[in-house]
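K.L.:
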Amino acid sequence: MYRQTFSRSTPGCIVFLIDRSESMQAPWAGSNLTLAEGAARAINKILLELCVKSTKEQGGALRNYFYVGINGYGLCPSSGFEGVESALPAELATRGIVPLPELADQPIAVREEPSVDAMSVRSKVPVWIEAHHGFRTPMCQAIATTGAQVFDWAHAFPHSFPPIVINITDGMVTDSPLNGADLATWSERLTSIETADGKALLLNIFLSSAKQPGVWFPREGGGLPDPGPTLFGISSPLPQPLIDNARAAHIDIVPGARGFVFNADLAMLVKFLEIGTRFEVRDR
Amino acid sequence: MVVFHEPKHGSSEQEWEDGAGHDPGDPRRGRAARCVVVDGATEAYDAIRWVGQLVESFLGFDPAGGRPSLTPAAMDAWFGVMQERWVQNAPATFATIYEERKFHDEGSFATLLGCEITGLDGHWPRWEAVALGDCVLFHVRGTRVVQQFPELAPTDFGTSPDGVFTQPAARDSMRARLDRAEGVLEIGDRLFLASDALAQWMAASSGNGSDRLWRQLGVLDHPGPFRKLVARERGRGVLKNDDVTLLRVEITASDPSRLVVCR
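Here the protein sequences come in this chain order: S and A.
Using this note's numbering, you'd call the opening residue of the first sequence number 6 and step up by one each time.
Using this note's numbering, you'd call the opening residue of the second sequence number 303 and step up by one each time.
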């Protein structure tokens with residue numbers, strides 16, 4: 006299980022769930038960003054890394070190693086109401102999960118930033134999602150919506166590495182139970198979706214606007230403040246490839262560790278996303 | 303000297319990202335024979351161009367020069383020249399932001415195994431080789447492995463970060479990690495140079511004490527049987543699905559009596 010490589014014939018699937026509730030407007034201690042801005046920036050950074058990873062030949066198109074989805078919950082910018090909607094660029098949003106090369110072609114903006122490379126003065130940085138915040142935290146609906154998308158994807162790619170769903174939040178779920186099912190049940194439904202290589206993975210990261218000690222990949226959630234135990238409970242046990250990624254990032258992993266990080270600052274969020282999305286790509 | 307290769311299953315011939323080449327040399331003029339196997343990293347940018355550049359230059363086929371001696375200092379200088387040429391031959395414009403970023407931030411990377419054979423006009427032919435990464439040379443006499451270079455166990459493959467990088471920042475590590483070995487050849491000896499997946503399979507098969515491996519590889523005379531061998535071992539799950547390359551050198555008492563060209 007969880008051994009399949011990411012290739013053009015067995016692409017991977019990564020779906021980001023991003024909390025866009027009111028509380029995401031809080032300033033993030035240690036940065037000059039709000040939680041919403043930091044989360045959007047981190048996702049844009051990871052998407053760029055996936056695009057670069059999928060680039061092979063001079064003048065060639067990106068290779069289709071990854072499918073990607075982004076779902077926002079809380080404020081829906083297109084309607085102005087509370088709910089769940091795709092945060093992909095408008096032309097792609099109706100499709101939920103799309104091939105990365107298509108997303109690569111459609112950033113909503115390309116910004117220039119100072120480059121660390123002395124040879125070029127400015128570096129072009131594509132932007133796919135912007136920061137938004139408002140309303141409450143309909144996490145059940147977000148997981149239900151994502152489950153439907155992921156189910157279809159897994160059906161289309163039955164031999165791929167199972168879908169990876171990464172939930173970025175700072176708050177307590179506000180719509181549990183939804184249609185008679187609580188957050189744990191919706192999460193179980195999501196993680197029961199499988200390919201031949203294993204069950205879908207649900208990873209959670211809880212952002213803390215204040216400077217608090219962070220907790221990496223615990224094996225127990227009972228001692229954490231709310232909503233730590235709940236988010237721990239819905240997080241998947243880390244499979245070996247993610248354990249390897251975490252150890253490569255110098256994070257100690259204990260047996261039974263789950264894909265959950267509590268009280269994350271911006272640097273922890275970026276590292277968490279890298280651990281959850283760093284896979285060798287190999288054509289076969 | 304003969305080369306066999308096969309791309310990953312599912313990839314086209316044009317996507318084979320290893321490289322290999324050989325130069326029979328001219329002992330009367332003091333030009334030693336050379337052979338080289340290079341394995342472009344899967345995630346590297348434009349690995350085919352980098353691999354081709356390394357092969358051509360190592361053998362001395364590049365009009366711009368190359369053919370370094372195998373001393374650490376000369377190889378280090380050659381790495382620098384290769385990195386400069388990589389930049390000189392960069393595209394004037396990049397097709398995408400991602401391509402430009404990959405070129406500048408990551409560049410390309412390949413493992414390299416280069417070998418020189420001297421003394422072919424005398425009684426004491428020798429080989430000398432340099433390596434960065436997990437391409438492997440097997441020096442075989444009959445069905446016995448005289449020497450394996452680098453000495454990697456089957457479990458060691460895929461774990462080494464060593465290779466030839468386009469990024470100048472990696473040059474210190476390349477200089478420090480360059481490995482070197484040499485051996486004495488006899489008539490009838492064979493050298494097998496293989497890229498990592500095949501080398502791993504060869505190291506495992508050889509470790510099983512099987513004579514069959516070397517008999518089998520020693521008589522390969524056409525791409526067809528090599529292709530079948532690779533497909534069979536991939537199907538058995540004992541050969542990783544990766545680009546594979548095998549370069550075989552046979553030490554004979556006289557020049558070959560036949561030249562076979564295969565397409």
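Every residue, glycine too, gets a C-beta built ideally from N, C-alpha and C.
Using 8 Å as the Cβ pair cut-off and three pairs as the minimum, do the stretch 231–238 of chain S and the stretch 262–271 of chain S touch?
P.N.:
Segments in contact, yes.
K.L.:
Along the alpha helix (DSSP H) that carries T150/S, what are the first and last residues, could you check?
P.N.:
The residue given as residue 150/S occupies position 145 in the first sequence. 144–161 is the extent of the alpha helix (DSSP H) around T150/S.
K.L.:
Give a yes or no on whether the minimum CB-CB distance between T235/S and chain A is below 7 Å.
P.N.:
Translated into positions along the first sequence, residue 235/S becomes position 230. It does not; no Cβ of chain A falls within 7 Å.
K.L.:
Strictly below 7 Å CB to CB, what residues from chain S border D348/A?
P.N.:
Here the question's residue 348/A lines up with position 46 in the second sequence. Per Cβ cutoff of 7 Å: E62, Q63.
K.L.:
Determine, using beta carbons only, whether L439/A and L495/A come nearer to each other than 7 Å.
P.N.:
For the purposes of this step, residue 439/A is taken as the residue at position 137 of the second sequence. For the purposes of this step, residue 495/A is taken as the residue at position 193 of the second sequence. Against a cut-off of 7 Å, the Cβ pair of L495/A and L439/A comes out as a contact.
K.L.:
Which chain A residues are close to S14/S, counting only those with a beta carbon under 9 Å from its beta carbon?
P.N.:
Here the question's residue 14/S lines up with position 9 in the first sequence. In chain order: G312.
K.L.:
In the stretch 509–555 of chain A, which residue ranges form an unbroken alpha helix (DSSP H) of at least 4 residues, counting only runs that do not cross its ends?
P.N.:
Entirely contained in the stretch 509–555 of chain A, the alpha helix (DSSP H) runs reaching 4 residues are, in chain order, 514–520, 525–537.
K.L.:
Using beta carbons (cut-off 7 Å, strictly below), is R224/S in contact with chain A?
P.N.:
As a working mapping, residue 224/S is identified with position 219 in the first sequence. Closer than 7 Å: no.
K.L.:
Checking contacts by CB at 7 Å: is R68/S closer than that to chain A?
P.N.:
For the purposes of this step, residue 68/S is taken as residue 63 along the first sequence, with counting starting at 1. No, no contact with chain A.
K.L.:
Should E418/A and L356/A be called a contact, given that it needs their Cβ atoms to be closer than 7 Å?
P.N.:
Counting from one through the second sequence, the residue named residue 418/A turns up at place 116. Counting from one through the second sequence, the residue named residue 356/A turns up at place 54. Result no, Cβ atoms of E418/A and L356/A do not sit closer than 7 Å.
K.L.:
Which residue wins for smallest C-alpha separation from W33/S, given the options S214/S, V115/S, A149/S?
P.N.:
The residue labelled residue 33/S in the question sits at position 28 within the first sequence. Cα-wise, what sits closest to W33/S is S214/S.
K.L.:
Label I489/A either buried or exposed according to how many other C-beta atoms from any shown protein chain fall within 10 Å of its C-beta, with 16 as the threshold for buried.
P.N.:
Taking the second sequence and counting its residues from 1, one reaches residue 489/A at position 187. With fewer than 16 other Cβ atoms within 10 Å, it is exposed.
K.L.:
Does the stretch 404–423 of chain A come close enough to the stretch 339–347 of chain A that 3 or more CB-CB pairs lie under 8 Å?
P.N.:
Yes, the stretch 339–347 of chain A is in contact with the stretch 404–423 of chain A.
K.L.:
Terminal residues of the continuous alpha helix (DSSP H) containing R287/S?
P.N.:
Taking the first residue of the first sequence as 1, we reach residue 287/S at position 282. That residue, R287/S, is in no alpha helix (DSSP H); it is neither H nor E in DSSP.
K.L.:
Looking only at DSSP bridge pairs, what is G77/S linked to?
P.N.:
Working through the first sequence from its first residue, we reach residue 77/S at position 72. I23/S, E90/S, per the DSSP bridge assignment.
K.L.:
For G537/A, count neighbouring Cβ atoms within 10 angstroms of its own Cβ and tell me buried if that reaches 16, exposed if not.
P.N.:
Here residue 537/A refers to the residue found at position 235 of the second sequence. Exposed: under 16 other Cβ atoms inside 10 Å.
K.L.:
Let me know the secondary structure DSSP gives R443/A once reduced to three states.
P.N.:
On the second sequence, position 141 is the one that residue 443/A refers to. Strand.
K.L.:
Counting only beta-carbon separations shorter than 7 Å, does K204/S have a partner in chain A?
P.N.:
The count along the first sequence starts at 1 and reaches residue 204/S at position 199. K204/S does not count as touching chain A.
K.L.:
Can you tell which of F11/S, I75/S, I256/S has its C-alpha closest to the C-alpha of L97/S?
P.N.:
By 1-based counting over the first sequence, the position of residue 97/S is 92. When only C-alpha atoms are compared, the closest one is I75/S.
K.L.:
How about F306/A and L480/A: do their beta carbons lie closer than 7 Å?
P.N.:
Locating residue 306/A in the second sequence gives position 4, counting from the first residue. Locating residue 480/A in the second sequence gives position 178, counting from the first residue. Not a contact, by the Cβ cut-off of 7 Å.
K.L.:
Rounded C-beta distance between F467/A and F411/A? I'm assuming under 8 Å.
P.N.:
For the purposes of this step, residue 467/A is identified with residue 165 of the second sequence, where counting begins at 1. For the purposes of this step, residue 411/A is identified with residue 109 of the second sequence, where counting begins at 1. Yes, F467/A and F411/A are in contact; Cβ-Cβ is about 5 Å, under 8 Å.
K.L.:
For V259/S, I'd like the list of residues in its chain whose CB is within less than 6 Å of its CB, leaving aside the five on either flank, ordered along the chain.
P.N.:
The count along the first sequence starts at 1 and reaches residue 259/S at position 254. The residues are R224.
K.L.:
Could you name the residues of chain S that P427/A contacts, counting a contact when the two beta carbons are closer than 8 Å?
P.N.:
The residue given as residue 427/A occupies position 125 in the second sequence. What P427/A touches in chain S: nothing, since even the nearest Cβ is about 39 Å away.
K.L.:
Please state the DSSP three-state secondary structure of N391/A.
P.N.:
Residue mapping note: residue 391/A aligns to position 89 of the second sequence, counting from 1. Of the three classes helix, strand and coil, the one that applies to N391/A here is coil, per DSSP.
K.L.:
Using DSSP's beta-bridge definition, name the partner residues of D325/A.
P.N.:
Against the second sequence, residue 325/A aligns to sequence position 23. In the DSSP output, where bridge partners are listed per residue, D325/A has R336/A.
K.L.:
Any idea which residues DSSP pairs L212/S with across the strands?
P.N.:
Indexing the first sequence from 1 puts residue 212/S at position 207. Answer by DSSP bridge pairing, in chain order: A269/S.
K.L.:
Would you call D544/A buried or exposed, if buried means 16 or more other Cβ atoms sit within 10 Å of its Cβ?
P.N.:
As a working mapping, residue 544/A is identified with position 242 in the second sequence. D544/A should be labelled buried.
K.L.:
Given V353/A, which residues of its chain have a CB within under 6 Å of its CB, disregarding the five upstream and five downstream residues?
P.N.:
Position 51 of the second sequence, counted from the start, is the residue given in the question as residue 353/A. Hits under 6 Å: G321, V340, G342, A412.
K.L.:
Using beta carbons (cut-off 7 Å, strictly below), is K129/S in contact with chain A?
P.N.:
Locating residue 129/S in the first sequence gives position 124, where the first residue counts as 1. So, interface residue.
K.L.:
Nearest chain S C-beta to E386/A closer than 7 Å, yes or no?
P.N.:
For the purposes of this step, residue 386/A is identified with residue 84 of the second sequence, where counting begins at 1. False, the Cβ-Cβ gap to chain S never drops below 7 Å.
K.L.:
Just curious, the beta strand (DSSP E) that C417/A is in, first and last residue?
P.N.:
Looking up residue 417/A in the second sequence gives position 115. It spans 411–420 - the beta strand (DSSP E) in which C417/A sits, taken as one unbroken run.
K.L.:
What does DSSP give as the partner residues of W221/S in its beta bridges?
P.N.:
What you label residue 221/S is simply residue 216 of the first sequence in a count that begins at 1. V266/S.
K.L.:
Apart from the five residues just before and just after A501/A, which ones in its own chain have a Cβ nearer than 6 Å to its Cβ?
P.N.:
Within the second sequence, residue 501/A is the residue found at index 199, counting from 1. Taken in chain order, the residues that qualify are V438.
K.L.:
Please decide whether K542/A counts as near chain S, where near means a Cβ-Cβ distance under 7 Å.
P.N.:
What you label residue 542/A is simply residue 240 of the second sequence in a count that begins at 1. Output row for K542/A: interface = no.
K.L.:
Can you check whether the CB of G485/A is closer than 7 Å to the CB of H524/A?
P.N.:
For the purposes of this step, residue 524/A is taken as residue 222 along the second sequence, with counting starting at 1. For the purposes of this step, residue 485/A is taken as residue 183 along the second sequence, with counting starting at 1. No, the Cβ-Cβ distance between H524/A and G485/A is not below 7 Å.
K.L.:
Leaving out five residues before and five after P452/A in sequence, what residues of the same chain have Cβ atoms less than 6 Å from its Cβ?
P.N.:
Residue numbering aside, residue 452/A sits at position 150 when the second sequence is read from its first letter. Excluding sequence neighbours, P452/A sits near A433, D481.
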